[in-house]
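**Q**
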Amino acid sequence: MGGPERAVLKICVLYPDLLGTYGDGGNALVLAQRALARGIEVDVRSVTIGAAIPPASIYLLGGGEDGPQRLACDLAGEGGLVERVNEGGAVVAVCAGLQILGSSFAIEGDASYPGLGIVDAVTTRGARRSVGEMATSVGERMLVGFENHGGVTTLGAGVAAMGEMLVGRGNDGRVDGFRAARLWATYAHGPVLALNPWLADEILSEVTGHDLAPWPSVADRLYEERCAVLSTRRADGDRRSGHR
Amino acid sequence: MDDVRTLRPRSALAIGVVRGVNALSRGLGRGSGTVVGGRCGLAIEPSLLRVLARGRQIVLVSGTNGKTTTSAMLRAGWGQPVAANVTGANMPEGHVAALCASGASRAVLETDEAWLPHVVAATAPAAVLLLNLSRDQLDRASEVRQLAQRWRECLDVPYFSGTVVANAADPLVVFAAEVAAKVAWVDLPATWRDDAASCPHCTRAIVFVGDDWSCPCGFAKPRDCATRLDDGLWIDGVRRDVALALPGAFNEANAAMALTGLARLGVDLEPAARRLATVTSVEGRYGRRRYGEHVVRVLLAKNPAGTAALLSSLSGDDEVWVAINAQVADGRDPSWIYDVPFEELRGRHVVCLGERRLDLATRLLYAGVSAEVVDDPAVLRRGTSAVTLIANYTAFREWVGRSAPC
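Line order of the protein sequences matches chains A and B. Those letters in the first sequence? Residues 59 to 302, by the numbering used here. Those letters in the second sequence? Residues 274 to 679, by the numbering used here.
#1: Answer with yes or no whether the minimum CB distance from Ser608 of chain B to chain A is below 8 Å.
#2: For Leu584 of chain B, which option in B:Ala454, B:His368, B:Asp497 and B:Pro520 has the closest C-alpha, if you only look at C-alpha atoms?
#3: State the DSSP-derived secondary structure class of Val353 of chain B, mapped to helix, strand or coil.
#4: Confirm, please, whether the CB-CB distance from Arg323 of chain B to Ala395 of chain B is below 8 Å.
#5: Looking at chain A, which residues of the region 630-642 of chain B have a Cβ within less than 9 Å of any of its Cβ atoms?
#6: So which of A:Val217, A:Val88 and A:Thr182 has the shortest CA-CA distance to Val210 of chain A?
#7: What separation, rounded to the nearest whole angstrom, lies between the Cα atoms of Ser249 of chain B and Trp273 of chain A?
#8: How about Thr476 of chain B and Pro74 of chain A: do their beta carbons lie closer than 8 Å?
#9: Taking the straight line between their C-alpha atoms, what separation do you get for Ile69 of chain A and Leu631 of chain B?
#10: Could you say which of B:Ala582, B:Leu372 and B:Arg537 lies nearest to Leu572 of chain B if we only look at CA atoms?
#11: Could you tell me whether the region 242-256 of chain A touches the region 202-221 of chain A, where touching means 3 or more Cβ pairs closer than 8 Å?
#12: Using the DSSP secondary-structure output, state which residues sit across from Tyr117 of chain A in a beta bridge.
#13: What is the rounded straight-line gap between the Cα of Arg413 of chain B and the Cα of Ala457 of chain B?
#14: Can you round the beta-carbon distance between Leu119 of chain A and Leu89 of chain A to whole angstroms, since I take them to be within the 8 Å contact cut?
#15: Please state whether DSSP places Ala362 of chain B in a helix, a strand or coil.
#16: Which value, in whole angstroms, describes the spacing of the CA atoms of Arg466 of chain B and Ala441 of chain B?
#17: Would you kindly report the start and end of the unbroken beta strand (DSSP E) that includes Asp453 of chain B?
#18: Starting from the Cα of Arg92 of chain A, find the closest Cα among A:Ile111, A:Ala169 and A:Ala277 and give me that residue.
#19: I'd like the list of long-range same chain contacts for Glu366 of chain B, defined as Cβ closer than 7 Å, with 5 residues on each side in sequence excluded.
#20: In chain A, what lies closer than 8 Å to Ala478 of chain B by C-beta?
#21: From this set, A:Arg187, A:His207, A:Ala86 and A:Leu257, which residue's C-alpha is nearest Gly221 of chain A's C-alpha?
#22: Taking only the alpha-carbon atoms, compute the straight-line gap between Glu136 of chain A and Glu525 of chain B and give it to the nearest angstrom.
#23: Take Cys488 of chain B as the anchor and find which of B:Ile508, B:Val447, B:Val452 and B:Val613 has the nearest alpha-carbon.
#24: Please look up how many angstroms separate the CB atoms of Val381 of chain B and Arg423 of chain B, rounded, as I've assumed it's under 8 Å.
#25: Could you tell me the alpha carbon to alpha carbon distance between Ala578 of chain B and Arg96 of chain A, rounded to whole angstroms?
#26: Tell me whether Asp132 of chain A sits in a helix, a strand or coil according to DSSP, three-state version.
#27: What is the rounded straight-line gap between the Cα of Thr290 of chain A and the Cα of Glu628 of chain B?
#28: When you measure from the CB of Gly214 of chain A to every non-hydrogen atom of the ligand FMN, does any distance come out below 7 Å?
#29: Per DSSP, Ala664 of chain B forms a beta bridge with which residues?
#30: In chain order, what residues of the same chain lie with their CB nearer than 8 Å to the CB of Ala640 of chain B, ignoring the 5 residues before and after it?
#31: Verify the CB distance criterion: does His207 of chain A have a CB-CB separation below 8 Å to chain B?
#32: Between the beta-carbon of Gly147 of chain A and the beta-carbon of Ala185 of chain A, is there less than 8 Å?
#33: Could you check where the beta strand (DSSP E) with Asn527 of chain B kicks off and where it finishes?
#34: Rounding to the nearest angstrom, what Cα-Cα distance links Leu87 of chain A and Asn405 of chain B in this structure?
#35: In the DSSP assignment, find the alpha helix (DSSP H) that holds Ser104 of chain A and state where it starts and stops.
#36: Along the region 185-213 of chain A, where does the CB come closer than 8 Å to a CB of chain B? Name the residues.
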């Protein structure tokens, strides 16, 4: 961290060379740009295969295919991500990143592979892939995004979900992801923070400990548009998003 | 191909149906008439593609980017009558329609990446060109590493004795092609690497140094390349000068692949290279069109690697319009725009069009690029600028329909 007047927000993208299938790098960009717009200094770094995990304010985990996901999990474990989180590092994880944070996940067929165990969550292989736009209700808000995964994630007792499913499958058709102090995980892959500017600001606010001034932009129009589209889809009971 | 009279009745019937349905479809103005007839024919005779391919010299072209252009170059360069799926219908129904429509003894078939194993088995091709593999429409296609594995399996079979012409710069393509009995490696300048960071054999990190790459497990860029595109184009040790009419470094790479393929088919490369220069527009791509008073160059960009290549070939003076849709043919998920280095457009003012123009404008906001959302394209008719329009698949088709040839 920097001097007492001006702390630097350190954003660390973990293994973009393994986890970054669907434009997941967009989340680091969104956090950095929204922080800069509020006068918060940022330092964005990527940790690639073989590099050590440095101390940071926020770690980002993206999505990936089976082999790279297993390798990223091993590397994050060896690299000390669990220790970094215990020291106070926040984590934002999507898709495969969500599965890695849990106690175990299914890989290559139905074999179970140990996760980092940061959260009590077990992922098994679903009967079919979940592909399509999704929406989750998070308190008074709606979280919108796109999911594409084959996992079914079961949360342990006492683990809070990110939200309740409105459209799409998420963890199990009822809830999506999980949420704890300084930890956000969702099946909405890719640039989920670009689609949900409120969530990006919530993360920045919780991590920096400051309320943020509003920063209106075209991203708000995009969010309203996707909320409207998904609300209509839900009202129609329309399953065009690929869920049958 | 066999004369219709020597075919078994079911095959002859199927061929007649393909021709009849497609003629009817074209007559009714219901599209270019390729898919529907082919589908009917395959329903009657499931092995129709195999029947139609028999006795012909067939070249398949597959890969994420460059299939249509490379196929057009192969056709032009071959200099003989060639059957081809020119409308871009690149699955078996399109192949069947193309082979029914032409009795030519040679065929160039652009082939969807996921269908390549099926089409290799059905057509026993003389050559297979493997261009590249990168992320594309991932909400419906298999993920790229799985595709590379399936390509590998289909080339390592006793019934395939053709030559594989393969891009040595792409580790996933090399992984697929290295098992084939005959390979002509093409050493192209490296571009997109984000999908090949982890070794397809052992998942360790591939080390890229300049245009070279290798993995600690021993998997590495092939050394014995037939073709080199570096200081000019060299094929089998001979320099070939090609004056391409199509723009961009990626089209030089496509030409290198096409000419290497033709070399392996025994085509004389000197006249072939001259014929390649006659390709000026491919299925409406690259051509200049008129919209209002604007002259618009319409470029098709379907995925991150293709879009990145187009951004790096933009002319300094052109206005830039970008149109993004997310229909089934485009892939329903526009997340891929975050894998495109739109930061390269900083300093320009970009017009955002298409169904997902707000996603695009948001991407450009975060890239620090000045952007304007245009809800109704009609307002753009005023003005006399030279414009480059980058559009993904269905948006490209809309804009070709909305504009007129120059």
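Backbone N, C-alpha and C fix where the C-beta goes; we use that ideal spot for every residue, glycine too.
**A** Taking the geometry as given:
#1: yes
#2: B:Pro520
#3: What sits at residue 353 of chain B in the sequence shown is Gln, not Val. Correct three-state label for Gln353 of chain B: coil.
#4: yes
#5: Leu631, Asp632, Ala634, Thr635, Arg636, Leu637, Leu638, Tyr639, Ala640 and Gly641
#6: A:Thr182
#7: Chain B is shown from 274 up to 679; residue 249 of chain B falls before or after that span and cannot be answered.
#8: no
#9: 26 Å
#10: B:Ala582
#11: yes
#12: A:Cys70 and A:Val149
#13: Here Arg413 of chain B scores only 47 on pLDDT, less than 50, and its place in the model should not be relied on; the value that follows carries that caveat. Whole-angstrom Cα-Cα distance: 31 Å.
#14: With a Cβ gap of about 13 Å, Leu119 of chain A and Leu89 of chain A do not count as contacting.
#15: coil
#16: 13 Å
#17: Sequence inspection shows Ala at residue 453 of chain B; the Asp mentioned does not correspond to that position. Run containing Ala453 of chain B: none; DSSP gives neither H nor E here.
#18: A:Ala277
#19: Val308, Gly311, Arg312 and Leu315
#20: Asp75, Thr106, Ile107 and Gly108
#21: A:Leu257
#22: 44 Å
#23: B:Val447
#24: Rounded, the Cβ-Cβ distance is 22 Å, inconsistent with contact.
#25: 33 Å
#26: helix
#27: 17 Å
#28: With respect to the ligand FMN, the structure offers nothing, as it holds no ligand at all.
#29: B:Leu573 and B:Ala596
#30: Phe615, Glu616, Leu618 and Arg619
#31: no
#32: no
#33: It is not in any beta strand (DSSP E) - Asn527 of chain B instead sits in the alpha helix (DSSP H) that spans Ala522 to Arg537.
#34: 28 Å
#35: It is not in any alpha helix (DSSP H) - Ser104 of chain A instead sits in the beta strand (DSSP E) that spans Glu99 to Val105.
#36: Val189, Gly190, Glu191, Phe204 and Asn206
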